[in-house]
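**Q** Quick one: the structure is below, questions incoming.
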Amino acid sequence: TINSQQNQLGCELYIHDSKSLYNHLMADKMEIEQIITEHIEWMELPAKKASRIKVMTDFHFNHKDNWPNSYEWLLQEVNNFQAAFRERIASFKG
């Protein structure tokens, strides 16, 4: 995700209409936060059907000289998210 208004780049897991999956993942919060070392925003969004789990970093769209570092950060976070969530989601029986 690129948020040009807040100058941020993010990686997130969007969980559409499954609070039980969110809670399943939340039960492993400590282990997940060992894999994803960035500050994680756990967003249950109780008034909504969806939930989100995301990390964000500063990103200035107009500073093209920083793009390689930003994309390296994003690639690392995608790999971390895959390591943290792939098996947990695949094994979920909700």
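Just so we're aligned, residue 3 is where the sequence shown starts under my numbering, counting upward by one.
Virtual Cβ for every residue (Gly too), placed ideally from N, Cα, C.
Computed from a predicted model, the values in this text were never measured in an experiment.
Compute the Euclidean distance between the alpha carbons of N82 and Q8, then round it to the nearest angstrom.
**A** Approximately 23 Å, taken between the alpha carbons.
**Q** G12: which of F87, V57 and Q84 sits nearest, CA to CA?
**A** Here the closest residue by C-alpha is V57.
**Q** Tell me G96's beta-bridge partners as DSSP assigns them.
**A** Answer by DSSP bridge pairing: none, since G96 is not bridged.
**Q** If we call anything under 8 Å between Cβ atoms a contact, is L15 one with F94?
**A** No, Cβ-Cβ distance for L15 and F94 is not below 8 Å.
**Q** According to DSSP, is D60 part of a helix, a strand, or is it coil?
**A** Strand at D60.
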